[in-house]
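Note that the protein sequences, when read in sequence, are chains A, B and C. Take -11 as the starting number for the first sequence in our numbering and just add one per residue. Take 31 as the starting number for the second sequence in our numbering and just add one per residue. Take 3 as the starting number for the third sequence in our numbering and just add one per residue. First the structure, in the form of structure tokens, and then the observations on it.
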Amino acid sequence: MNALKAGLVKLQSWEGFLLVVLIFIILMNASLTDNFLSVGNQMNLFMLSIEKIIVALVMTFVIINAEIDLSVGSMMGLSACAFGWMFQQGVDPVLAIGICLLIGLVGGFINGWFVARVGLPSLVVTLATLIGYRGLARVLVEDRGIGDFPQWFNDLGQKGLIGPVPFGLIAFVILFIGLYVVLQRSGFGRKTYVIGTNREVADFAGIDTGRVKIVIFVMSGLVSAFAGLLFAARVGAVRGDVANGFELDIITMVLLGGVSIFGGTGTLVGTLLAILIVLNLRNGMALLNITGHIQTGVVGLLLIASVLVPRIKLPTVKAKEVT
Amino acid sequence: MTTPVLALKDVSKSFGMTKALSGMSITLFPGEVHAIVGENGAGKSTMIKIMTGVHQPTTGSLEVDGKPLSLSGTQAARVAGIAAIYQEPMVFPDLDVAENIFISATDLGLVQNRVRLRTRARALIDRIGMSLDVDRIAAGLTLAEQQAVEIARALSQDVRVLIMDEPTASLSAHEAGELRRVARKLASQGVAVVYISHRLEEIFEVADRVTVIRDGMHISTRPVGEVTPDSLIADMVGREVGNYFKKAPSHATPEVILKVTDLACEDIFRGVSFDLHKGEVLCMAGLIGARRTDVALSLFGIRPATAGTVSYKGTQVRYTSPAQAIAAGIAYVSEDRRKLGLAMPMPIRSNITLATLASILSPAGIIDRRREREIAEAYRKRLNIRTPNVDLAVGMLSGGNQQKVMLAKWLELKPDLLIFDEPTRGIDVGAKAEVHDLIRAFVAQGGSAIVISSDLPEVLAMGDRILVMREGRQMGIIDHKDATQESVMRLALGQFEGAA
Amino acid sequence: MGWIDRISPQTLRILALLAVLALTVLFFASQIENYFNARLFNRVSSSVAIMALIACAQTLVILTRNIDLSIGSVVGFTAFATGSLVTNNPEINPLLLAAYAMVVGAGFGVVNGLLVAYARVPSIIVTLATMAIFRSLLVEYSDAKSITSDALPKWLVDFPNVPLFTIAGVELRAAFVTSLIIVLAVHIALSRLRPARKLFAVGSNPEAAEMAGINQKAVIFAAFVAAGALAGLGGFMFLARFGNITVVAGLGFELKSVAAAVVGGVAINGGSGSVIGALIGAILVDMIDTSLVRWELVSEFWREAVLGLLILTAVAVDAILMRRLIALRVRREKARKEAAK
Chain A
-11 MNALKAGLVK LQSWEGFLLV VLIFIILMNA SLTDNFLSVG NQMNLFMLSI EKIIVALVMT
49 FVIINAEIDL SVGSMMGLSA CAFGWMFQQG VDPVLAIGIC LLIGLVGGFI NGWFVARVGL
109 PSLVVTLATL IGYRGLARVL VEDRGIGDFP QWFNDLGQKG LIGPVPFGLI AFVILFIGLY
169 VVLQRSGFGR KTYVIGTNRE VADFAGIDTG RVKIVIFVMS GLVSAFAGLL FAARVGAVRG
229 DVANGFELDI ITMVLLGGVS IFGGTGTLVG TLLAILIVLN LRNGMALLNI TGHIQTGVVG
289 LLLIASVLVP RIKLPTVKAK EVT
Chain B
31 MTTPVLALKD VSKSFGMTKA LSGMSITLFP GEVHAIVGEN GAGKSTMIKI MTGVHQPTTG
91 SLEVDGKPLS LSGTQAARVA GIAAIYQEPM VFPDLDVAEN IFISATDLGL VQNRVRLRTR
151 ARALIDRIGM SLDVDRIAAG LTLAEQQAVE IARALSQDVR VLIMDEPTAS LSAHEAGELR
211 RVARKLASQG VAVVYISHRL EEIFEVADRV TVIRDGMHIS TRPVGEVTPD SLIADMVGRE
271 VGNYFKKAPS HATPEVILKV TDLACEDIFR GVSFDLHKGE VLCMAGLIGA RRTDVALSLF
331 GIRPATAGTV SYKGTQVRYT SPAQAIAAGI AYVSEDRRKL GLAMPMPIRS NITLATLASI
391 LSPAGIIDRR REREIAEAYR KRLNIRTPNV DLAVGMLSGG NQQKVMLAKW LELKPDLLIF
451 DEPTRGIDVG AKAEVHDLIR AFVAQGGSAI VISSDLPEVL AMGDRILVMR EGRQMGIIDH
511 KDATQESVMR LALGQFEGAA
Chain C
3 MGWIDRISPQ TLRILALLAV LALTVLFFAS QIENYFNARL FNRVSSSVAI MALIACAQTL
63 VILTRNIDLS IGSVVGFTAF ATGSLVTNNP EINPLLLAAY AMVVGAGFGV VNGLLVAYAR
123 VPSIIVTLAT MAIFRSLLVE YSDAKSITSD ALPKWLVDFP NVPLFTIAGV ELRAAFVTSL
183 IIVLAVHIAL SRLRPARKLF AVGSNPEAAE MAGINQKAVI FAAFVAAGAL AGLGGFMFLA
243 RFGNITVVAG LGFELKSVAA AVVGGVAING GSGSVIGALI GAILVDMIDT SLVRWELVSE
303 FWREAVLGLL ILTAVAVDAI LMRRLIALRV RREKARKEAA K
């Protein structure tokens, strides 16, 4: 009886609502086409957006911390282009990968430093680095496309690593579990939430809030750089506009997942469900021959609904809390 | 007989279980400066909020010009000609003085006529009798000038009742004098000025009548000529001291844990010196603007002192962050639960373990949830926190239970020195007694406590010694044997024996 | 009382920006042969003609402590809608056409404004969503067709290039002049119209605005509608300049407009800034952009990297200097009061 009650309460949460929406969309899609539910189709769906998905996981940290990182798409581009450029210069690809990750780390640190230590709004800082990091990417590859990467590198993005499961998916699973543990179970995750809820309370409890913010931006830069490399491997070539505009898609997924733009609330599970909803919704619409821009528009409607719908529920929840 | 411009008739106001005002009646006449005095928490701010339409009375009524009127909101109060200015004025930093004054004026047309605006602004500033350039940008104005802007804004809306809430608390003596002249001048022009202040000498200079309120009730209203500082103090504190506010025996030992010498911070406070013994409760008494919280914040490393020394457990220390103070075993329980004390939407258990997070982490940094729950449950029992479970968001609890959660957070640190800032403000009597017992238990076990409190019975019941501050200065330290409500209040108000 | 107490932070910012602009020009003039010629001016002026309007629109919204990320989609939609109207009615009055663009843009502003001001959804969420929604409306509306310049009337295609005056070989072209006039008009409205002053009040201190009896919802709503109308006009300019309009028209303008405004000293937290600043910001950004292309020492691909650095520097320097300025003023004022005693 109690377990049932707990289950019902869980369903009333935002994640529960998302789950219902997801199941509904999947059932709709399944009725439209035969092989929709096949593992292959689902995995394919996932892999086509794997870079955004991976970055959305760290973006969840950033927004829960009551900040925003607009520079992720550019950092993905910078990392991909830096790899291409170094490869062209004859740098050992493994070393190049290491350097790219280092670039992500430094880029994230720059964002975090300006936000946490200079006290500038993250919206402005990361808007500047969105333009700046993209600019560096263009400096490296100019208007060329660089490709012909080593076969093993391309295989990482394109072929199954363990059976049919590609490297990107494995990386996602590892990252998801790792970040889930950090955010939902670790002391660092707790600090992330508290700072996002009320930075002063965290300050007064002796938490070094600036350092937590810097670490989160560094994570964001690092993972973006990794995602950029993954993109280079999956596509097999890089250009200056790799991952251009991805930041807005990524932020949409996170917000749809129930992470408050004001910080302090949201979970990685919510983000994951939102990702799956967006992917399946887009896939379903594609099956109905609806174009990409319209699909994005529908996701936009969903985003506004995600703020308005919980308000409709609010009165009943409030009443329960009083008693 | 003139008609009162504003009158409260038997007004009561309750917030949930707490009664902030009961049966309050007050009458304001045009052309008078009406001072209102009372301890912190006596109900002054609730009364202002009722007058300005922020709150509506639970029972009782308001009369404007002798006719009943209910103020449905701040807009209605403005229309009725009632305005208030506060300690922290509300100006728009990017607009100049003239625009700040007339931002919501409706009779200036669509297009801004600079000449007309400037002329009218000057006229208002002249009416106040201050020298202020109306073209200056508000961002660079001093506090006193910002208040002048607010007064002028109120005047521009034909204010008939102007409420000044502790207007001089953060002003220099010179500026305060200027502001009092403004209050008199406005009264001479027929405005009813409500003047709330803790500076008694100022009340004798500025007011026509004085009303004393205490515990949400009206105590007395008399012409200023008929009162003396002593009679005011007697009215302010003259309550029966209940049984449970009895002073418990002291646990103080001769060992000095904290020695503060001549501590000062910029021009906020200076000359603070005291010893705190192991097992002792030192109360800090004072009124708004006494700067007691600032002393606590400097000890806790939030805003480090700029002069003087602090010696803690025998070594000289200077903390520049709360983390350092916490590591040394000093905890500070803030007076502002909402802004500084608790992460309201987060569970009780997370709040309790917030300052001691490191102690419940595995070597890999993972929170030991069972341990966390055990700690939270232990405090729930020990402090009698009334909640169905410790996973509830702390914001869902009553004020008293929130306070206990905040105390639990700091007790879990097992500190040697606990600074309590207004530990019982806004909580009910039962919870108050529980908090007092807790503080006593803490010192009985060898801890030392500094209790900042504006509640005189609490100060007398808790303090082994009482340090009284006034406007950033230490006025004296009274041993509890010699302390009475009158003697503490006299120091807090800066009234010495024989001084008027 | 010295100038330091009188001058408004806004005037100071604009002076500083003009100084930076002058230094930029001087620097490139020393680096590039025959730098300051008519072509540079024409090039910068025709792209600023569009961006100035959009940065100006963005400024109105930012002043109220909000942001409009849908602005690029509004530009795209109005460019297309205006294009298709004129394609089907080539005889239409030019002013009517521009008015049509503004009305369509304002319509989108109404949607944003209602959601932000009255439904109280954070503007970043609303406009992130409407950015996508308006774009998809454009796709629906366009039905996979494009507007092409040969279908447009000649006056419209000529509009960006017709010189109104020529001074020493420098042409002041119609679109640029129109754009300048509009930005100036908005500036005058912002500084002279009493209701417009409330934008600053709401953005700088919402609590005080409430206490002063300002209807914040109406002010924020109005800001979004006005921004929509200006973006619509920007769409009209876009159509005139490029002629060929596809469904990706105006993509990326949302962030570029924020960048121009921020470089122009508009505070992202609201309440402070001017459209003149945003205009100079737009000019500065474009000037650097155009000049780097011609600077031989570095590859033209450094443009964006330099721009990013410029924004970061501008904001950091602005934040630090403004804090100092206010502290300095308070200190001076105190000293004066002491002396007066």
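For each residue, glycine too, the CB sits at the ideal point set by N, CA and C.
Spatial distance of residue i from residue j (CA atoms)
| i | j | result |
| --- | --- | --- |
| Ser322/A | Ala225/A | Because residue 322/A is not part of the residues shown, which for chain A are -11 to 311, the question remains open. |
| Met194/B | Leu216/B | 12 Å |
| Ile328/C | Pro11/C | 9 Å |
| Ala125/A | Ser67/A | 8 Å |
| Glu62/B | Thr241/B | 13 Å |
| Arg333/C | Ser161/B | 18 Å |
| Asn273/B | Gly460/B | Interpretation of Asn273/B is limited by its pLDDT of 46, a score under 50 that renders its predicted location unreliable; the figure taken from the coordinates is listed afterwards. Roughly 13 Å between the two C-alpha positions. |
| Val227/C | Ile183/C | 20 Å |
| Val286/B | Glu208/B | 45 Å |
| Ala278/B | Asn207/C | 48 Å |
| Arg137/C | Ser75/C | 5 Å |
| Arg175/C | Ile34/C | 25 Å |
| Ile247/C | Asp145/C | 13 Å |
| Tyr362/B | Ala159/A | 44 Å |
| Arg326/C | Val319/C | 11 Å |
Simplified DSSP state of residue i, which is helix, strand or coil
| i | result |
| --- | --- |
| His281/B | coil |
| Met505/B | strand |
| Glu69/B | coil |
| Gln346/B | strand |
| Lys411/B | helix |
| Gly255/B | helix |
| Arg132/A | coil |
| Thr129/C | helix |
| Tyr37/C | coil |
| His85/B | coil |
| Ala222/B | strand |
| Glu209/C | helix |
C-beta contact flag for residue i and residue j at 8 Å
| i | j | result |
| --- | --- | --- |
| Ile13/A | Gly272/A | yes |
| Ala522/B | Leu317/B | yes |
| Leu38/B | Gly90/B | yes |
| Ile112/B | Val191/B | yes |
| Leu23/C | Ile285/C | yes |
| Ile233/B | Val67/B | yes |
| His248/B | Ile56/B | yes |
| Thr76/B | Leu51/B | yes |
| Ala203/C | Ala211/C | yes |
Nearest residue (CA-CA) to residue i, options the options
| i | options | result |
| --- | --- | --- |
| Glu488/B | Glu464/B, Ala50/B, Glu501/B and Gln475/B | Glu464/B |
| Ala170/C | Pro208/C, Ser125/C and Phe43/C | Phe43/C |
| Leu244/A | Ser19/A, Ala44/A, Val94/A and Ile11/A | Ala44/A |
| Ser186/B | Asp320/C, Val118/C, Ala214/C and Ile149/C | Ala214/C |
| Ala169/B | His204/B, Asp126/B and Pro375/B | Asp126/B |
| Val8/A | Gly285/A, Gln283/A, Gly258/A and Ile292/A | Gly258/A |
| Arg270/A | Ala262/A, Gly280/A and Leu261/A | Gly280/A |
| Leu443/B | His85/B, Leu384/B, Asp421/B and Thr417/B | Leu384/B |
Taking only beta carbons into account, state which residues of the segment 119 to 132 of chain A come closer than 9 Å to chain C, listed in chain order. Cβ contacts with chain C: Ile119, Gly120, Tyr121, Arg122, Gly123, Leu124, Ala125, Arg126, Val127, Leu128, Val129, Glu130 and Asp131.
Taking a Cβ distance cut-off of 8 Å, strictly less, list which residues of the segment 22 to 34 of chain C are near chain A, in chain order. none
If you measure beta-carbon to beta-carbon, which residues of the segment 194 to 211 of chain C are closer than 8 Å to chain B? Arg194, Leu195, Arg196, Pro197, Arg199, Lys200, Phe202, Ala203, Ser206, Asn207, Glu209, Ala210 and Ala211
Residues of the segment 226 to 241 of chain C whose Cβ lies closer than 9 Å to any Cβ of chain B, in chain order: none
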